[in-house]
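Sequences listed follow chains A and B, in order. Under our numbering, the residues of the first sequence are numbered -15 to 728, in order. Under our numbering, the residues of the second sequence are numbered 2 to 387, in order.
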Amino acid sequence: MRHIKRLFFIFPLLYTLNFTPYTASYADEPVTLTLWEFSANEQLMRELLDKFEALNPGVKINLQQLTWEYGLDKFIISLAAGNAPDICELGTTWMAKIASAGTLLDITDDTRDIKGNYFLWETATYDNRIYGVPWLSGTRALFYNKALFRENGLDAGYGPATWQALLTAAKKIHAPRKGIWGFSIAAGEAESPWQQFLPFVWASGGSVLSEDRKTCALDSPETLRALEFYKELSTYSLIERQAQINELFAEGKVGMQISGSWNLRLIPRLNPQLDFGVALLPECENTSSAYNAFAGGELFVITKKSKYPKEAMALIRFLTSKENVMALVRVQQNVVPAQKDVLQDPYYEQFPEQKVFLAQLKTAMGPPNHPQWTQIQEYITGLVEETIMTGARPKAALEEASRKIEALLQKETKKTIVSNKFITALSIAAMLLVLFLIFLTRKKKPHAAAVSAKPFILISPWLLTFLAFGLYPLLYSIIISFSKFDILKSQFEFVGMKNYLSLLADPDFHRALWHTLVFSAGTVPFTVGLALFCAVLINRKIPFKQLYQAGLFVPVTTSVVVIATVFTYIYSANGLANWVLDYLGIIRPQSSWLTSSLSWLDISIPLLSIMAMNIWASFGYYTILFLAGLQTVPESLYEVAALDGATEWQKFRFITFPQLKPVILLAVVLNTIYSLQVFPEIFTMTMGGPLGSTTTAVYYLYELGFHRFEMGKASSVAYILSVIILLFSLLQMRLLKTEERLEE
Amino acid sequence: MRRSHFVNLLVVILLTALVMLTLTPLFLMFHTSIRPVGTLTKGISRVQLAHKDEAITVLKIRFHQDIRKFASFTFLAKGSLGGEQFRITLSDIRGGSCRVDSEKYLKAGLTKEWQEISIPISDFNTAEFARGLPEKIAEIITIEITNGSGAMYIEGLALDLKKFTLANYIDVFTSGNFRRYFFNSALIAALITIGNIFFCTIVGYAFARKDFAFKQSLFLLILASLIIPPQAFIVPIFVLMKSIGWLNTYWALIIPSLVQPFGIFLMKQYISRLPASLEDQARVDGAKERQIIFRIIFPLSTPALAIVAINTFMGAWNTFLFPFILTNTAEMRTLPVGLALFNTLQGADWVHLMAASSITAMPVILVFLAFQKHIIAGLTTGLVKR
């Protein structure tokens, strides 16, 4: 008993560490700045930083590289925990969201003198204040295959100048029988679809939000014109994810694509032979719009909590200077500066294609700086996919999308602000309560075994780690699940069962659950069945047993990130899977298996493809498990059966299967749990798309928590799913056990 | 007897086919990782360079390729007067260069007849070329006359690619800090595996053999922690790690995984099915709890421990989400985090991506292959004895 009491003390103790005062920095101590970025080569960036450190003695810079995919998530978590870097690179589309939370330093006054030198200031501005300095720009331009242009009687010296010319060129080049596509449209992922489509909207004079950014202006004749044009264009297009488009373009199978400057570097790596040109984007006929291109980019921002804002600003000025940006540009060749005066740099004389991107910046604009933009863009991606991948009428799809965006804009955003410490304290209180409850339940049993200290010492390694890293996060997330919790703003408000109730009525969540159940029902029987089959075969008296065991197990050892990468290729439009279908003469999908919109009962080809991959990656594990189990079946049983003239099937049915039942039960339960929690595969391969057809429950959780910042709702998804998993596990145990009893 | 031989033959064929099918994706990965350039389906063996078809004294051609991936230069050349010597220079983006002079190959210089010239890339002195740059990319190829008053003609200028190259692996190892990621992954995976073997046995033993207060509730908690998706814990774990000062330390990556519920569950199930007579005997002989665990339970549990070991090793080696969230510097990254970073920084360059993937995947495969005899042997003997 005493030992438990001791445990009670440890956690408050851990908690007090939270309040250890910050050691104040002394004047003679070096200033340490932390910088997070994800666009530059780490080595080159370090060289620049070393230069800065040499120029500014006493300043040290910690560099951390992030990724595009996870960069925002990590930055947000760090902001929430008060652990953010001094300087961070931010994509322009994230700016408003983060600036609106009041976590960035207002640098309006520090940037007055350099304002004239850069593009993209409007993306760094929120509420008329400036929060970032433009570093790199990310415009898109038109890449076209010169050989395909010549073959089809088009002038390879220029790209199409107008929408009509674009459509004509696409029509001429498009030859699906030969595996050649006229144009290409990104779909089935998060960013590229809306980034490619919006410039068409702007070019025809439409816009997403009204001037004051308070209402949705999407439902207009201009946007409809753009959407209808896009739909017509899509019939002569490869509809794929951007990475796949790049690849097929490099292989010479796509006439035109809209892409960023990184392609200049990538294409020669993929295919040194490809003869391609880069041109400005075509303009829409009969409009007065000045914009027809997308302007994204990378900004450097300073967080409010930075202790050295002056030094941070000096570093930003240093990094965004023409000389230092060009140092990166020259070597990486896949980024474009945001400076206006770099055009004269000799580098651009050497690489005229790069110049196109700088020229395109003049007619480029960014999406509106709105705090909800990250979600608005999801709706626009949905609109594009809906229109070009399904038979949806543009008009209806447009009305639907603008209704969704309008609803989002009108949502009220008033919440109570509570610090993290409050939730921490609450969690610890809940933890104590749980322990107390366990303690109470024990007292009710009069005949419990005598309490002895020893078992507690034995289980203490688990108990300690579990209390800290299992129970605490568990209670924390349970508490969050009953609240509205915006991690970016640390806004917290109890809402009772509201999250759970709204989820139960949420059609998106129903879909996610359906996909999860389909995933589980479609993988578990095959994985376990295949494993059982292989184990029984390997268990026979055959040579090379170890070879087979090892061969089947190897995929299990491979990281999901690796597996997903390899299978993305296998499923790509000209990948192994389609190659095999071609070879066998079976009709195959035109596009990649992961972007197909074919589905039945909302069970889509991409979902099935990921399921097949999952079976491949996991059945070897259960094979080994079953093989181990098979060693415990007494040989004598088979000998007796052989004497009685039993067939192979009878031996399996009446000896192997019943003997193996406990292991099978374990395998089924484990595999069910894992498959219901499927996430990394979805995350690395499809991000839940296309059209949300691969969004599973845990992916939905992730999306709610980290893309829509609804942490509370995300946590409730976890607990609804947990209850479902629990029910399934119990059901499976019951089913397999009753059968056993019947046989006896 | 005949019939069973026939069946066994069928089984062998079937299994061989299955294993080949299973290994195809990984074979593809490895094969792509050692190819010089190209997408996965399209192999390229030579790069033709376009240039003007006229008499020249200096010819500059944009190239923009990594020269480590090429085997040789080939072209047809003739001189306008005969006896001309020339020089080929490769220049990198920062102005560094390397060159080869034609004297070495043509003692008497060019003739008035077309002559096929082939120069191995290894003849270029590339030590100074592209120094300090991540890759050895030649931006410009210059061919100029160095001796003789005439001009020269060139036709069919091409560079042959190597069949296989290790350049992709070298790039991966030199970009970022892959050696360090490798060390981190190995250290973390090894410690977590040892911890689980050790602690799961002890905890499993307690749950299997001891009777103590709250035993049922605690065991249910272990099972419950299996069913909650770990993604729900990202924020609380981060906040916790920050408050105890463990962010960006090995502690954060090791301690929470040191005793995993699945291991405990497996060991509890296994130990409770072991005969208790040995322990009772030992206890009568005056053995202490520690001796019982390490002398009796441990040796008897090797088969289950083998499963715990591969399970935790694979899990620890391949885990991505938490190491990414909880580490802040390159020194603390693990391989999957490094791989994901590499993926985004390089774009969809398959050859490099597959090299990075191979580096991540190979160690676990090798560890498994090296120990598989012991793992399987442990499984069979241990379980049969029981």
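Beta carbons: idealized from backbone N, C-alpha and C, even for Gly.
C-alpha distance - residue i paired with residue j, whole-angstrom precision
i      : j      : result
A/K529 : A/L649 : 25 Å
A/A434 : B/F213 : Here the model assigns A/A434 a pLDDT of 48, short of 50, so the residue's position is not dependable, and the following value carries that caveat. Using only the alpha carbons, I get a separation of about 7 Å.
A/C72  : A/K156 : 46 Å
B/L160 : B/T194 : 49 Å
A/N655 : A/A515 : 12 Å
B/V48  : B/R36  : 15 Å
A/E37  : B/V365 : 40 Å
A/C200 : A/E384 : 12 Å
A/K61  : A/L710 : First, the amino acid is wrong: residue 61 of chain A is Ile here, not Lys. About 30 Å.
A/A376 : A/I364 : 14 Å
A/G569 : A/E135 : 28 Å
A/Y484 : A/I463 : 13 Å
Beta-carbon proximity list for residue i, same chain, < 7 Å, skipping 5 on both sides
i      : result
A/L382 : L202, D203, T207, L208, L211 and L367
A/Y532 : I522
B/T147 : Q86, F87, R88 and D102
B/S302 : T202, M268, Y271 and I272
A/A409 : none
A/S593 : Y555, W577 and L578
Secondary structure of residue i, DSSP reduced to three states
i      : result
B/I94  : coil
B/D102 : strand
A/A274 : coil
A/P256 : coil
A/V192 : coil
A/I747 : Because chain A here runs from -15 to 728, residue 747 of chain A falls outside it and cannot be looked at.
B/L259 : coil
B/N9   : helix
A/T287 : strand
A/N110 : The displayed chain sequence assigns Tyr, not Asn, to residue 110 of chain A. Note: A/Y110 maps to strand in three-state DSSP.
A/I671 : For the record, residue 671 of chain A in the displayed sequence is Met; it is not Ile. If DSSP states are grouped into helix, strand and coil, A/M671 belongs with coil.
A/W20  : strand
Neighbourhood of residue i by C-beta distance below 8 Å, restricted to the same chain and skipping five residues each side
i      : result
B/I203 : I294
A/L560 : Y553 and I554
B/E140 : R63, F64, H65, S92, D93 and I94
A/M310 : P321, V326, D329 and Y331
Residues of its chain near residue i, where Cβ-Cβ distance is below 6 Å and the 5 sequence neighbours each way are ignored
i      : result
A/Y703 : S465
B/P324 : L254, T335 and V338
A/G143 : L126, Y128 and A263
Cβ neighbour criterion (16 or more within 10 Å) applied to residue i
i      : result
A/V192 : buried
A/E665 : buried
A/I164 : buried
B/Y106 : exposed
B/T175 : exposed
B/D286 : exposed
A/M481 : exposed
Which listed residue (the options) has its alpha carbon closest to that of residue i
i      : options                           : result
A/N101 : A/K291, A/T304 and A/E370         : A/T304
A/A414 : A/A380, A/L104, A/T374 and A/L458 : A/L458
B/P231 : A/E390, A/W577, A/A698 and A/I45  : A/A698
A/A651 : A/L345, A/S593 and A/T511         : A/T511
A/N318 : A/E106, A/E307 and A/F341         : A/F341
B/L224 : B/V173, B/I142, B/C99 and B/I265  : B/I265
A/L104 : A/S121, A/A174 and A/L217         : A/S121
A/E687 : A/S706, A/F167, A/I708 and A/F663 : A/F663
A/F59  : A/E31, A/T18, A/L39 and A/P41     : A/T18
B/T90  : B/L77, B/I62, B/S81 and B/A109    : B/I62
A/Y605 : A/E224, A/G535, A/A174 and A/K289 : A/G535
A/F517 : A/F667, A/E31 and A/W633          : A/W633
A/L299 : A/A140, A/R30, A/A68 and A/A612   : A/R30
A/F181 : A/I223, A/A149 and A/T668         : A/I223
B/F1   : B/L279, B/V240 and B/A305         : Past the edges of chain B, shown from 2 to 387, lies residue 1 of chain B, and the structure says nothing about it.
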